[in-house]
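Take the sequence shown: its position 18, counted from the start at 1, is 84 in my numbering, and no numbers get skipped. Have a look at the structure below before the remarks.
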Amino acid sequence: KMANTFALNVAFPTAMGLPFTFSLQMPTLLYIGGQAQAKSHPDLASGNNQEIQVPQTINASVDFQFVYSLQAQSSMGFVTPFNHQHYTAGVYKNFQVNLPIRAEVDLDFANNKVAAKVQPLDQHNKQNLFEYSTVPYTSQHSVMQMAQNPQEQIHQSYNQNRKNVHVRYPNQIHKTLGQDSTGFAFDFNYQSEQKFIDFAALYNEAHKRNDPIAAVIYAWAEDSINFNNITLTYSPQKSSAKYARFTAAYLDNSESENNPSSYGSQGNNYHNSERSDSQQASPSDHVSVSMAQPSSSSPDSQSRQQQFLQKAGQGIQDSNSMVVD
């Protein structure tokens, strides 16, 4: 969906007799698209009118893309009637978020587990995931030509008469993020003609409003107008990983309450040994014993989940414990 969410045009005479103009446009693009497929076991179509089959597992694949793009076009100027020229000074603020994702999700309701395999939708070409830019400019054009052919005059003014405003050589930062730690390479490019980033001004502006929503919406409000460009790009040529895998599991001790022998002799020995250790340990040792030190760092480790579950309810009679790993 594309819409001009805000439009304002104002013109009035000045003390010098020259008509003053102010214009603000905010065209916005919002796109949410993709496709999804899912298969369940047992198949939902195999049920009857009297009973609905509750699936034990669901396997789904999703191609999803979210795009939000906004351009704030603001300009002010004046018209000189003696030579039919319109002189303007303005700024373009561009903001764009792009999330193209392909995912395969496996839901196991019987074992309370979720597994997801996530990868970029396009693994061959660079994709801009985030971009924010500020471009100040000055321009002039003939109001007579604009009246005859507005669209053509706008394009001619953009190409011929528009000049970007630069005040100094921009500060530049170029870094590749995540290439070694995650296997996915993201190119971060920063260019700004600001001398420094005034974080104190941003904090004071957000604190002055006392409104977190307004602080987020107007986070890029600036006291001065400078040339800025911040871009985050996914680079498949620099990436060694093709996909990322995520797992989640839920575990509680409801079965052990109904059936105390479900833990087995190993669980009983575990509780007895912990109790004897805590009785003989010093206060400093007791703190280290009660800390959750994972027994395994592998994904979806059942031993680690059982360990955390036992640690969570250790020393508490008739406790209800839950673990999300």
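Each residue gets a CB set at the ideal place from its N, CA and C atoms; glycine is no exception. Bear in mind the structure is a predicted one, so any value in this text is a computation, not a measurement.
Look at SER112 here: in three-state DSSP terms it is helix. With respect to the C-alpha of PRO147, the residue from VAL157, MET210, SER362 and GLN185 having the closest C-alpha is MET210. When beta bridges are read from the DSSP output, LYS241 appears opposite PHE254. From the listed residues VAL163, GLN380, GLU197 and ASP129, the smallest Cα separation to GLY100 is found for ASP129.
Residue nearest to TYR235 within the set LYS261, ASP253, GLY249 and GLY244 is LYS261 (criterion: CA-CA distance).
A residue is called buried when at least 16 other Cβ atoms come within 10 angstroms of its Cβ; ARG370 meets this threshold and is buried. Nearest in C-alpha terms to GLN373, of all of GLN383, ASP384 and ASN319, is ASN319. Segment contact: the stretch 226 to 235 against the stretch 288 to 308, three or more CB-CB distances shorter than 8 Å; contact assigned. For ALA378, the three-state secondary structure derived from DSSP is helix.
The shortest CA-to-CA distance from SER135 to any of ASP384, GLN162, SER367 and MET82 is the one to GLN162. When the five nearest sequence neighbours on each side are left out, the beta carbons in the same chain lying within less than 7 Å of the beta carbon of VAL390 are those of ALA314 and TYR316, in order along the chain.
For the pair ILE239 and ASP246, the Cα-to-Cα distance works out to about 19 Å. Per DSSP, reduced to three states, the secondary structure at VAL389 is strand. For the 8 Å CB-CB criterion, THR94 and THR123 do not form a contact.
Under the three-state reduction of DSSP output, SER369 falls in the helix class.
For PHE132, the enclosing beta strand (DSSP E) covers residues 123 to 146. In the displayed model, ASN191 falls within coil according to three-state DSSP, outside both helix and strand.
One Cα belongs to MET68, the other to PHE254, and the distance between them is close to 28 Å. Nearest in C-alpha terms to GLU197, of all of LEU187, PHE78, GLN119 and GLN257, is GLN257. Burial check for GLY381: the Cβ neighbour count within 10 Å stays below 16, so the residue is exposed.
The three-state secondary structure of VAL231, taken from DSSP, is coil. Distance between ASN191 and LEU96, taken at the CA atoms: about 22 Å.
When secondary structure is reduced to three states using DSSP, VAL120 falls in the coil class, being assigned neither helix nor strand. Secondary structure note for LYS159: its beta strand (DSSP E) is the uninterrupted segment 151 to 174. For SER89, the secondary structure class from DSSP, reduced to helix, strand or coil, is strand. When secondary structure is reduced to three states using DSSP, SER199 falls in the strand class. Assigned with DSSP and collapsed to three states, SER362 falls in coil, not helix or strand.
One Cα belongs to GLN151, the other to ALA138, and the distance between them is close to 24 Å.
Annotated as distal: LEU165 and THR299, with beta-carbon spacing of 8 Å or more. In its chain, beyond the 5 residues on either side, LYS159 and ASN294 have a beta carbon closer than 6 Å to the beta carbon of THR200. Beyond the five residues adjoining it in sequence on each side, PHE175 comes within less than 6 Å, by CB distance, of GLN122 in the same chain, given in chain order.
Under the three-state reduction of DSSP output, MET210 falls in the helix class.
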